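Worksheet: one structure, shown below.
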Amino acid sequence: MKKSHRVYRDNNFQCSHCQSFVSTNPMIAGVQNRNHCPYCLWSRHVDLSEAGDRLAVCKGMMKPIGLTLKRTRKKYGMAQYGELMLIHQCEDCGRLSVNRIAADDDANLVFNIYKTALQLDPQKKAELEASDIYFLSEKEEQIVRAQLFGKS
Ligand SMILES: [Zn+2]
Ligand SMILES: [Zn+2]
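Take the sequence shown: its letters are residues 5 to 156, numbered as in my numbering.
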């Protein structure tokens, strides 16, 4: 018996963008609801209001378009940086969603998304930020590096 012929059926999926097979096992992903591919970071519009609800009918491809930081409450008046998050936009309906980065997402790819987002057309960026999602700018590069590659 070849091990490679073992098939995982539960919630694993094949990425519709790069065709990779993706495991949704939380032990590998490090998150409960993996909703994007760790190899190309694309996602699909399957969730309606909450991560993992799988209620959306759109099913469009969601492109990784930028990074943001999760808002956290400030404790003891100190500024705290939240967790780095990926911003996806649906190619079909334009919906934006903010998603946790999984443990096995390709850090270099995530960094490239950040770099690409810095080149966004200012008008488009303003439109996107009107939906209350803040795109990280050059100022946050140190934070992005520290979260992706660890502190040096
Ligand atoms: Zn993929
Ligand atoms: Zn959609």
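Virtual Cβ for every residue (Gly too), placed ideally from N, Cα, C. Note that the coordinates shown come from a computational prediction; the quantities given were computed from them, not determined experimentally.
query, result
"Beta carbon shell of ligand 3 at less than 6 Å from a heavy atom", "Ligand 3 is not part of this structure, which contains only ligand 1 and ligand 2."
"Close-in-space but distant-in-sequence residues of the same chain around residue 8 (CB under 7 Å, 5 per side omitted)", "Caution is warranted here: a pLDDT of 47 is assigned to residue 8, below 50, making its placement in the model unreliable, and the coordinate value is therefore given only provisionally. No residues qualify anywhere along the chain."
"In DSSP terms, what residue 67 is bridged to", "93"
"In DSSP terms, what residue 102 is bridged to", "91"
"Proximity test, residue 104 beta-carbon vs ligand 2 heavy atom, cut-off 7 Å", "no"
"Check whether residue 104 and residue 49 have beta carbons under 8 Å apart", "no"
"Through-space distance from residue 53 to residue 154, alpha-carbon basis", "32 Å"
"6 Å Cβ shell around residue 45 - same chain, five flanking residues per side excluded", "68, 113"
"Per DSSP, cross-strand counterpart(s) of residue 47", "40, 66"
"DSSP-derived helix/strand/coil call for residue 61", "coil"
"Residues bridged to residue 25 (per DSSP)", "18"
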